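Numbering (the numbering used here), first residue to last: 13 to 401.
In structure tokens, the structure reads:
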């Protein structure tokens with residue numbers, strides 16, 4: 013494991029979100045170097061900075077650069093320069109160092125792998141062979157074509173054998189039936205298995221290779237098969253937390269969100285896993301981010317609890333929309349901090365309407381964004397994922 017704060021032992025009792033308030037304040041900024049930051053980022057990061065300053069705490073800068081296809085060094089340099097120009101200061105980060113580094117996610121893969129293995133060994137993950145196309149095809153509701161549709165549970169009962177082969181629930185049931193009906197004579201049983209293999213064209217996993225115990229068999233993160241690993245959510249369980257701005261929040265597992273990805277088929281951890289692991293390892297006590305990540309908060313709380321990691325508190329800020337009512341994304345180049353700097357704008361002029369988060373207009377749009385009264389609007393999400401950084 014890279015140098016830095018060690019993660020608590022999975023299963024060990026750790027501090028709750030309520031107890032996080034009693035710890036020295038540690039906040040974080042977690043931009044992704046996939047484009048220039050826009051005014052929506054600036055607003056969220058300004059509030060993260062302001063809350064850290066008001067609490068007399070520490071602000072950490074982290075580069076969430078796991079999108080290897082789009083992350084570029086010039087964008088990492090740009091967000092450091094633009095946020096410093098904006099007046100934001102941090103005490104730890106990739107440019108200034110600190111005791112909890114490295115501060116770029118691409119350098120922390122070992123920590124994510126350790127967390128993945130802990131979750132897999134605990135039996136809360138399952139291997140999924142579905143493509144995005146498969147998932148969308150299995151959904152009947154037309155509004156499910158979003159950046160992260162609610163998983164329909166197709167592979168929910170899957171496990172892996174010792175060789176890394178995915179075994180579906182139906183195959184497990186068939187194997188158990190075969191084992192119960194097999195004769196006591198080992199030679200006869202082996203002959204019958206060989207006959208079934210020849211007839212089906214598939215290898216049958218024998219009793220010694222696979223014993224269904226209700227837990228996952230071990231499987232390395234890099235698989236020869238194109239499978240992802242998903243967290244098996246507790247269907248029907250209400251995940252609750254008190255948001256620092258919007259107040260009490262409640263989401264139902266299996267209804268508001270489904271089994272979510274933890275490890276991708278290309279060997280890269282998901283945003284949810286990396287974020288939870290890093291927030292715990294860096295001792296973050298409060299996460300300040302955009303309101304469109306409230307559902308991600310519920311997912312990450314499940315990961316914190318499964319891993320026995322300390323839960324931070326959360327403060328979600330209203331989003332910023334352009335003149336057409338469209339949420340800002342990195343494709344809004346004209347509204348980037350860099351363009352604003354070049355046009356002669358000052359940080360003070362950009363911040364003049366941000367004295368309180370709620371003062372900035374919040375439009376109830378597609379994406380499950382909170383209304384001003386703290387409720388979550390259950391409507392379709394936009395395709396872009398630029399909101400999360």
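Using N, Cα and C, we set each Cβ at its ideal position, and we do this for glycine too. The structure displayed is predicted, hence computed values, not measured ones.
>> Applying the 10 Å Cβ sphere with the 16-neighbour rule, what's the burial state of residue 109?
In response: exposed
>> Can you check which of these residues, 297, 83, 253 and 242, is closest to residue 282 by C-alpha distance?
In response: 242
> How many angstroms separate the CA atom of residue 311 from the CA atom of residue 272?
Replying inline: 8 Å
>> For the beta strand (DSSP E) containing residue 1, name the first residue and the last one.
In response: Not covered by the structure: residue 1. The range shown for the chain is 13 to 401.
> Should residue 104 and residue 73 be called a contact, given that it needs their Cβ atoms to be closer than 8 Å?
Replying inline: yes
> According to DSSP, which residues form a beta bridge with residue 116?
Replying inline: 75
> Taking DSSP as the reference, what is the three-state secondary structure of residue 277?
Replying inline: coil
> When you compare only the Cα positions, how much space is there between residue 123 and residue 265?
Replying inline: 26 Å
> If you run the structure through DSSP and keep just helix, strand and coil, what is residue 263?
Replying inline: strand
> Where does residue 322 fall in DSSP's three states?
Replying inline: coil
>> Please report the distance separating the alpha-carbon of residue 44 from that of residue 269.
In response: 24 Å
> Just to confirm, are residue 339 and residue 331 a CB contact at a threshold of 8 Å?
Replying inline: yes
> Which of the three DSSP states, helix, strand or coil, is assigned to residue 138?
Replying inline: strand
> With distances taken from CA atoms, which of 166, 37 and 267 is nearest residue 141?
Replying inline: 166
>> I'd like to know if the stretch 280–296 and the stretch 75–91 are in contact, where contact means that at least 3 CB-CB pairs between them fall below 8 Å.
In response: yes
> From 349, 327, 81 and 46, pick the residue whose C-alpha is nearest to that of residue 254; which is it?
Replying inline: 327
>> Quick check on residue 169: does DSSP put it in helix, strand or coil?
In response: coil
>> At the level of alpha carbons, what is the spacing between residue 324 and residue 297?
In response: 4 Å
> Can you round the beta-carbon distance between residue 134 and residue 286 to whole angstroms, since I take them to be within the 8 Å contact cut?
Replying inline: Going by Cβ atoms, the distance from residue 134 to residue 286 rounds to 18 Å, so no, they are not a contact pair.
> Residues in its own chain within less than 7 Å of residue 363 by CB, not counting five upstream and five downstream?
Replying inline: 58
>> Can you give me the C-alpha to C-alpha distance between residue 239 and residue 85, rounded to a whole angstrom?
In response: 30 Å
> Does the distance from the CB of residue 56 to the CB of residue 329 come in under 8 Å?
Replying inline: yes
> When you compare each of 68, 83 and 116 to residue 41 by their alpha carbons, which one comes out closest?
Replying inline: 116
>> Helix, strand or coil, according to DSSP, for residue 255 in the structure here?
In response: strand
> In terms of alpha-carbon separation, which member of 359, 361, 300 and 136 lies closest to residue 247?
Replying inline: 136
> residue 226 by DSSP, collapsed to three states: which one?
Replying inline: In this predicted model, residue 226 has a pLDDT of only 35, less than 50, meaning its place in the structure is not dependable; the value taken from the coordinates is given anyway. In this structure, residue 226 counts as coil in the three-state DSSP scheme.
> Helix, strand or coil for residue 403 per DSSP?
Replying inline: The structure shown does not extend to residue 403, since the chain spans only 13 to 401, so no value can be given for it.
> Do you know offhand how far residue 360's Cα is from residue 164's?
Replying inline: 47 Å
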